[in-house]
Amino acid sequence: MENQTKVIAERLKMARHNAELTVVDMAEAAGVSASEYERLETGEYDFSFTFLFKCASKLGMDISELVSGSDPKLSFYNITRAGEGMPIRRRAGFNYRHLAPLLKNRMAEPFVVTAKYDPQLEKLPVALSTHKGQEFDFIISGEMKVQLEDHTEILHPGDSVFYDSGHRHGMIAVGGNDCVFLAVVFKGEAEIAEEPVMLPQTAEKAAIDRHRYDDCIYHRFMNEELYPDGRLKGVSFNVPENFNFGYDVVDELAKKCPDKRAMLWLSKDKEEIDFTFGDISRLTNKAANFLMSLGVKRGDRIMLVLRRSWHFWIAINALHKLGAVAVPATSLLVKHDYEYRFDSGCINGIITTETDGCAEQVELALDGRTTPFLKILAGSKRDGWHSFDDGMNAASEHLERVETSKDDPCIMFFTSGTTGYPKIAMHTAEYPLGHIVTAAWWHNVDPEGLHFTIADTGWGKALWGKLYGAWLCEAAVFVYDFTKFHAEDLLPMFAKYNITTFCAPPTMYRFFIKEKLEKYDLSSLQYITTAGEALNPEVFNKFYEYTGLKIMEGFGQTETTLTVCNLFGSNCKVGSMGLPNPQYDVRIVDADCNETKPGEVGEIVINTEKGTPVGLFGGYYRGEAQTEACWHDGFYHTGDTAWRDEDGYFWFVGRVDDVIKSSGYRIGPFEIESVIMELPYVLECAVTGVPDDVRGQVVKATIVTTKGTVPSEELKKEIQTYVKSHTAPYKYPRVIEFVESLPKTISGKIKRNEIRNK
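Residue numbering for the sequence shown follows our numbering, beginning at 262 and increasing consecutively.
Pasting the structure below:
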């Protein structure tokens, strides 16, 4: 208790300083002398509830922020069981006995209420009503069924509920006996925290707007269970033992719809090439025969460094057909990157291009190597390299099916971790099926349309949106092999090529909204999504304002497929990651692997007690210790933290190691970054914790300003004041550093550890 008192006292002192209030100011608000307040703020004496409540009110904080170090996050209701104490409300038509005329500092009516048991009522829907204010009910005897909007709870003696009575609610006695409960009704307008903006998408609209996939090939491998309103409830998979995407999807589509467009490819010089499913099947057979003639076989690991060249789609499916392992990698690699990857991944060969100097860097990495290594060049010719184009063109179109298994290694990704060397996530041949939900329920691809995902083929996101899911839904993909991203270059393409669905990282949308979007015709777009980093509400709101389109956020990792998301038909809460993908059993747990309550921050995990779900990786290649570190206690641990609200929506906080601990508060960087990014002169920012002798850590913001902005002490103060006024005062950055650029991994993730260690 003594240690807890000191922690609360330190929070109180920090909050007072942040609010720029004096001891006298606080003493007057708390109704104590200045000397008494100073003694209480040292933590030498325990506080009364009244003292803390008055202090919190003066500071503009919820009392739970002082007591627990965590700001309240739920906006609707919260059930608390016996022994814990807590909140909820009442309904007219019951017998009430008034207990007291007033509760201090607010109008209140406390009652003992008797709800008569009526078996007929249990057969009927609970009658719902609303009234202004808040209410607290505590069960004394009997049992009560409480309905709050769509949420239903059974309360027993000792349980309690506190809620905003402006929401629809109702209750009846159940269990065969009358229910007696204490009800405290708080009259007047309730002081409710600002709620996330809800953008409803009705079931009727969903039925009209969701594309029909009734005859799509993915139904051979995945069954869907739907809610009555058409939303996705659950999935189950039927995976043949010898499943192989190259044969069972690509070749089957070539039989079913050989002339249907599979890909529209655009070179950096705007050269267009259309590929049908018949073309893809034929070319992958030829490429597989060519690779087989060079000795490539089942289990061989072949790296693909092809940026956005059309050769990637041919090469990866040719490797699938041979049972070889495709190892996508980015064209930004240099000599030492290749050396590490060749050795750690036991790579047998590479297919690459001369773009970005890739072939030259590979040769430097292989200099002095004595073991056999296959070098294949696509798009051009080079001494000492096999020509992919010549070899493929000369090979036969006929390919006998190679014996493979759904459990064979199929894909290996080098993860772009922000610390240490990249790990190697290994997926089996089932992995492509893990993207059906991604395409059908998140991207909402149109089987008769054109889907565009911005991603380099060196990263897992390319396979999320540029290959597997789209083709399983029989939708064509649009690929533009640009050298450098320019919003004004891409925006005209939506109308020119009639692009219907689109996915890009939030950064790309941020660049889009800096353009004058009204100059561009985006009317072909039906649905848009984002992933790769947390989506700032500012970006969502501005893009919605310009286009009327809602950016549906999704979350996943190289090790997984889409994990938490805003699926088609769901309500979109701005700033939320969404709900768990029904494909996985996703939870938020504390350090002891116990599931957290709504509003509590914990780590996002996937339950694997019943086996590895389709889409989840099988472990890190040659990394047993790394696998054990993230896969234990029946869960795969993502290393990302979040909290869930009373509707089950997840809200991103940050990486486990990124959470800032200051004077007992746990502060997530994303919330502060989102606020800072609202400022028009901020281009990028990263929030981290830096050591502090008194507080343990304080918040630091490392900021890149827009062109023409001059960093200054006045600008720092302006940023600090803005954050103070838009979040709890204790979260503002005490340290601000302006830099030219932020340190990032090859995949563009901010290296927070490098900033912390600076």
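Beta carbons: idealized from backbone N, C-alpha and C, even for Gly. The structure presented is a predicted model; accordingly, all values stated were derived computationally and were not measured.
R916 is bridged by DSSP to D901. For T689 against G879, the beta-carbon gap comes to about 6 Å, under 8 Å, which counts as contact. Leaving aside the five residues that flank W892 on each side, the residues in its chain whose CB is nearer than 8 Å to its CB run, in chain order, T869, G880, H898. Bridge pairing for H647: I637 [DSSP]. Judged by DSSP in its simplified three-state form, P798 adopts helix. Just so you know, the alpha carbons of M432 and T822 end up roughly 41 Å apart. F649 counts as buried, since at least 16 other C-beta atoms from the protein chains shown sit within 10 angstroms of its C-beta. With a 10 Å radius around the Cβ and a threshold of 16 neighbouring Cβ atoms, R883 comes out exposed. Approximately 6 Å separates the beta-carbon atoms of I933 and T988; this is inside 8 Å, confirming the contact. Every unbroken stretch of the beta strand (DSSP E) spanning 3 or more residues and falling wholly within the stretch 690 to 751 is given here in chain order: 711 to 714, 737 to 741. I980 and M322 have their C-alpha atoms spaced approximately 21 Å apart. In this structure, M405 and A376 form a Cβ contact; the two beta carbons are roughly 6 Å apart against a cut-off of 8 Å. In the DSSP assignment, T963 forms a beta bridge with A947, E998.
Judged by DSSP in its simplified three-state form, P930 adopts helix. In this structure, DSSP gives G431 an extended state, which the three-state scheme calls strand.
Only exposed fits G495, as fewer than 16 other CB atoms lie within 10 angstroms of its CB. Using a Cβ distance threshold of 9 Å, T949 and I1016 count as a contacting pair. By the Cβ criterion, the stretch 487 to 503 is not in contact with the stretch 743 to 755, since fewer than three pairs of Cβ atoms, one from each stretch, lie closer than 8 Å. Assigned with DSSP and collapsed to three states, A270 falls in helix. The DSSP-derived three-state label of N279 is helix. DSSP places M769 in the uninterrupted alpha helix (DSSP H) bounded by 767 to 775.
In the structure shown, I685 falls within a strand segment according to DSSP collapsed to helix, strand and coil. Contact between D535 and L525 holds: their C-beta atoms lie close to 6 Å from each other, under 8 Å. In the structure shown, V446 falls within a strand segment according to DSSP collapsed to helix, strand and coil.
A distance of 9 Å or more separates the beta carbons of V446 and Q408.
Between the C-alpha atoms of K992 and V984 there is a straight-line separation of about 8 Å. DSSP, read as helix, strand or coil, puts A523 in strand. I937 and E861 have their C-alpha atoms some 24 Å from each other.
Here DSSP, grouped into helix, strand and coil, assigns S605 to helix. In the DSSP assignment, F397 falls outside any alpha helix (DSSP H) and lies within the beta strand (DSSP E) extending over 395 to 402.
Its chain contains E615, A620 as the residues whose beta carbon lies nearer than 7 Å to that of R643, once the 5 sequence neighbours on both sides are disregarded; these appear in chain order. For the pair V825 and A701, the Cα-to-Cα distance works out to about 15 Å. Remark: C-beta atoms of E939 and I964 do not approach each other more closely than 9 Å. Secondary-structure assignment with DSSP links A989 through no beta bridge to anything. Per DSSP, reduced to three states, the secondary structure at D598 is helical. If you check the CB distance, A280 and G304 do not come in under 9 Å.
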